[in-house]
Every structure is written in C-alpha cells, then in structure tokens.
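When we follow our numbering, the leftmost residue of the first sequence carries the number 57, and every step to the right adds one. Here is the structure we will look at, set down as structure tokens.
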Amino acid sequence: MKLDFKVKKEETKTKARLGEILYNGKVYETPMFMPVGTQATVKTLSPEEIKEMNAGIILSNTYHLWLRPGETIVSHAGGLHKFMNYDGPILTDSGGFQVFSLANPKDITEEGVLFKNHLNGDKLLLTPEKSIEIQNKLDSDIAMSFDECPPASASHEYLRQSIERTIRWAERGKKAHKNENQMLFGIVQGGAHEDLRKFSALETVKIGFDGYSIGGVANDHESKEDMYKAFEYSTNYLPKDKLRYAMGIGEPIDIIEGVIRGIDLFDCVSPTRLARHGHALTKSGKINLKNAKYKEDFTPISSECDCYACKHYTKAYIKHLINCEETFGARLLSIHNIRFLINLTEEIREAIKKDSLLEYRDIFVKKYYGDDYE
RNA sequence: GCGGAAUUGGUGAAGUGGUUAACACGCCGGAUUGUGGCUCCGGUAUGCAUGGGUUCGAUCCCCAUAUUUCGCC
C-alpha cells in the first residue's frame, strides 16, 4: 500500500476530524477536496496547475478510461500516474455512477450492468470483477467498489434490494482485487433512511475495506436535510480509523456539513463545470461572469484569493474570454474555482484545530448565502 | 436616364387579407453536486422602409417616395 491514513484530531463539538494522508514521502491533510479528472485530465488544466493549487488526491474514471484509451494502454504507459504525469495520489471511481447516469435500470443484473457504449453503441458488460481488474491495471492509489447508485427517491424496497446486491458486488470485487499498492473502498448506500444506511454500512464494514464512501447523495435533487441525514446515518456506523469519502459532493455548505458529520474526502465536478459555463465561486456566493454588469469590472474575481487567475486577470477580461468561448477563460475559472474549494478545506482544517468549526460554518454561510439562508 | 427585383427585431431570415409574426444566432437572465465538457431552461419585434389608398379588417393588395441591388443605354 502506497498510501497511509491517520486521524490526528477529533473536534470536541462535532464529529469533524483532522487527518493525514502519507503518500510518496509527502503529507496531505484531510478534510480534503479532490478535483475530478474523468478522462485522465482535470479538464483544461495541467498537473502543474493542479499542484500549484495545493491539491492532493485527484479522481479519474474507470468507465471512461476503459472505453478510451483502454486500461491496457494506460498499463503499457506505466500506469495512470505516468500516463498523465501526476505524481500525487489518484482515486478511480468504479463506473458505479455511470450505472446511474448511462444505463437503464433493466440492464442491471446480479452479474453486472449492461451498458450501451455512448461512443459507438456497442453493448458492454461491466461487472464488479471487471471494474476492479481495470482499476488494478490503471494502477490508481484508491479504487472504488463497483456499486449501484440508485436515486435518493427510490423506494425503500428498491434501495434494500439494491444495497444487498451492492454488498454482494463489494465482496466479489474484494476477491478480485490484486493490486497490493492500491487501497480499495466500500460504498455505503441507502438514501436518507437510517435503517438502510446502518445496514449498508455495517455489512460493508464486515467485508472490510481500506476506506468507506458515502454514495447516492446529491443525485436526485433531494433536500439538504436528507443529504445530511445520509452523511450522519452512514458515518455513525463507520470505523473511526478509516477514510470516509462523500462521493460527488462539492457545494461549499455541503462540504462543511459533511466534515461536521465526520467525512474526510469530497470530490465534485462542479468547480470545473461551473467554470466552463462562466461561473466563479466567491466568499460572497457564486457569481455569473456572463452577467452584463462585469463588462467593465477591472478587478479580480476576489482580491483575497491567491490563485493564478485572481493574481493576474480581471473579471472583465475573463468575461470576454467566456463570451468568446475561448478555452483560456474556462481554464482561469477552473483554476479559481478549484482553488476556492481547496482553500475552503484549508480553512475548515484550521477551524477544526481551534475547535471552532460550527462558528466557522455560521460565518461562512451568512456571507455566502446571505442572511435569509435556512 | 430606362427597366426589373428587394426592403420584416441587434443579425440571418420564414410567413399570412382576420386571435399571441416561425426558426436560428446574438443579447439579457437562470440552472449545473462519484462529468456522455462546450449542455439545458426562460426572456427578448405593441412591430413587418416611409406616406397615402382599397377593405369590416393589411406586414401581406394598389399608388407614391426613399434606400439597396441587378440589367441596359
């Protein structure tokens, strides 16, 4: 195992934890926000730029790399790190989310999931064994179990059956897992139901993994209350010495509330997707640089921000680039938005050290969402 | 100078003698949470070159004017 994790401190007033990931002689602190690079690249950014933002783990995706260029080619390149020139830790998602986003429910069977290849229409079967085998070959540092990610609004009965199958898939995946350098995480499902989250967590822990993910959140426009319940009902039953990862979570308030409930890792496409659509995250909320009011705003997105975009460019210029669909605009905003979320986790860690995370949350929320929030 | 054609929003345009003038782009907003990147959803001409006329009713028919354009001298 190339990666090690230790909890350094637990906050007194909340379940928040401060942790350390040791990797290749370097220490990365948690809670951490992990940028997403589905196709072996964080869209528009170079590894150097990602590291400059103080990023740690980045994500990549099994399903997409399986289709293109194929895990064998990545393996021949010397693994994902060499292939994409990133020497920090890499986590691969299993393709489980693509079950949710690309496959029909009727194509989910005990064996696995029948996909229609979105590139050429071919029928493809992805199984727990296949997903793990691909991830072994990609040689990421953390692999995910292949799970079904049902919508939060699915019935209790459906969720129960889905969880039972996901647990069987997790067992099969663990048996198929051969890469000793690579951690393998189990995934907890169960919507906002306490009994299902508990069942899913306990059964997954029984199999035994190097870390645990909370899945099936923020996929169905469920309420924030339900999302936070899903966090809480999951972490309540997870071992304290293992990493906990909320999959796909990246709205600032959701990260803070997740940390309060004992979660260490977060990933989200939102900073890069918002960037491509012209939005910037700021302490005072999300702004849309397409808005006409920024036409002659020759100030940076944020004067407090230490990112490359804020140090060198104005809102008016970035707006112009976005309006012209110049890729440099998406790049500058991606740099800013990812740096914003990483900076958020840095401030969260400071607050945990001072046992003042709840106060930090209240101040952050007031400024970000305004007085009328909740 | 003579003859023909055209003139619809910021742009390219469709269209009809009779309720809300199609569509596209642009513009103005909004959305986006384990990424099928460049998507989705709203709004955007009280108006059809100008002035007259015919008609119950005209952007659509007629006349004049203006502008553009083509051909001929």
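Don't be surprised by glycine CBs; every beta carbon is placed ideally from N, CA and C. Predicted model only: the values in this text are computed from it and were never measured.
Query raised in the report: What residue range is occupied by the uninterrupted alpha helix (DSSP H) comprising proline 184?
Result: Run containing proline 184: 184-194, per the alpha helix (DSSP H) assignment.
Query raised in the report: Helix, strand or coil: which one does DSSP assign to lysine 233?
Result: Here residue 233 turns out to be histidine, not lysine, going by the sequence shown. Histidine 233 falls in the coil class under three-state DSSP.
Query raised in the report: Does the Cβ of glutamate 17 have 16 or more other Cβ atoms within 10 Å, making it buried, or fewer, making it exposed?
Result: One cannot answer for residue 17 here, as it falls past the ends of the chain, which runs 57 to 430.
Report task. Look at lysine 58 and tyrosine 79 and say whether their C-beta atoms are less than 8 angstroms apart. Result -> yes
Requested in this report: Go through its chain and collect everything with a Cβ distance to serine 326's Cβ below 6 angstroms, but skip five positions before and after it.
Outcome: Gly306
Requested in this report: Closer than 8 angstroms by C-beta to aspartate 266: which residues in its own chain qualify, once you throw out the five before and the five after it? Chain order, please.
Outcome: Met57, Ile198, Met239, Leu240, Phe241, Lys298 and Leu299
Query raised in the report: Skipping 5 residues on each side, what residues in its chain have a beta carbon closer than 6 angstroms to that of glutamine 191?
Result: Thr118, Thr148 and Ala199
Query raised in the report: If you draw a straight line from the alpha carbon of leucine 400 to that of aspartate 143, how long is it in whole angstroms?
Result: 23 angstroms
Query raised in the report: Pairing CB atoms from the region 269-289 with CB atoms from the region 205-223, are three or more of them under 8 angstroms?
Result: yes
Query - When Ala111, Lys230 and Leu388 are compared against valine 261, the one with the closest alpha-carbon - result: Lys230
**Report entry** Residue of Lys138, Glu204 and Leu175 minimising C-alpha distance to serine 150
**Finding:** Glu204
Query - Residues bridged to isoleucine 114 [DSSP beta-bridge criterion] - result: Paired residue(s): Ile146.
Requested in this report: Give every residue of the same chain whose Cβ lies closer than 8 angstroms to the Cβ of asparagine 237, excluding the five residues on either side of it in the sequence, and list them in chain order.
Outcome: Met57, Lys58, Asp195 and Asp197
Query - Status (buried if at least 16 other CB within 10 Å, exposed otherwise) for isoleucine 312 - result: buried
Query raised in the report: Does the region 312-323 touch the region 409-419, meaning 3 or more C-beta pairs lie closer than 8 angstroms?
Result: yes
Query raised in the report: So methionine 168 and leucine 158 are in contact, right, with Cβ under 8 angstroms, and what is the actual spacing, rounded?
Result: Here the sequence assigns glycine to residue 168, which means methionine is not the residue at that position. Their Cβ separation, rounded to whole angstroms, is 14 angstroms, which puts glycine 168 and leucine 158 out of contact at 8 angstroms.
**Report entry** Cβ neighbour criterion (16 or more within 10 Å) applied to threonine 383
**Finding:** exposed
Report task. Confirm, please, whether the CB-CB distance from alanine 372 to phenylalanine 354 is below 8 angstroms. Result -> yes
**Report entry** Candidates Ile146, Tyr364, Leu170 and Glu166: closest to valine 155 by CA position
**Finding:** Minimum Cα-Cα distance from valine 155 among the listed residues Ile146, Tyr364, Leu170 and Glu166 corresponds to Leu170.
Query raised in the report: Which ranges does the alpha helix (DSSP H) cover as unbroken runs of at least 4 residues, wholly within the region 123-173, from first to last along the chain?
Result: 127-132, 136-140 and 152-158
Query raised in the report: Is leucine 121 buried or exposed, if buried means 16 or more other CB atoms sit within 10 Å of its CB?
Result: buried
Requested in this report: Starting from the N-terminal side, write out each stretch of the alpha helix (DSSP H) that is 4 residues or longer and does not extend beyond the region 383-410.
Outcome: Counting only runs of 4 or more, we get 383-409.
Query raised in the report: Residues in its own chain within less than 6 angstroms of tyrosine 364 by CB, not counting five upstream and five downstream?
Result: A distance below 6 angstroms between beta-carbons, with the five flanking residues on each side excluded, links tyrosine 364 to the following residues of its chain, in chain order: Ile391.
**Report entry** Same chain only: Cβ atoms within 6 angstroms of glutamine 95, ignoring 5 sequence neighbours per side
**Finding:** His120
Query raised in the report: Should leucine 258 be labelled buried (16 or more other beta-carbon atoms within 10 Å of its own) or exposed?
Result: exposed
Query raised in the report: Of the residues Glu189, Thr68, Lys375 and Thr291, which one's Cα is nearest the Cα of isoleucine 343?
Result: The shortest C-alpha separation from isoleucine 343 is found at Lys375.
Requested in this report: Pull up the CB-CB distance for tyrosine 284 and arginine 329, whole angstroms please, since I reckon it's below 8 angstroms.
Outcome: Incorrect: roughly 23 angstroms between the Cβ atoms, too far for contact.
Query - Counted within 10 angstroms of its Cβ, other Cβ atoms place proline 295 as buried (16 or more) or exposed - result: exposed
**Report entry** Separation of alanine 286 from serine 279, as counted between CA atoms
**Finding:** 11 angstroms
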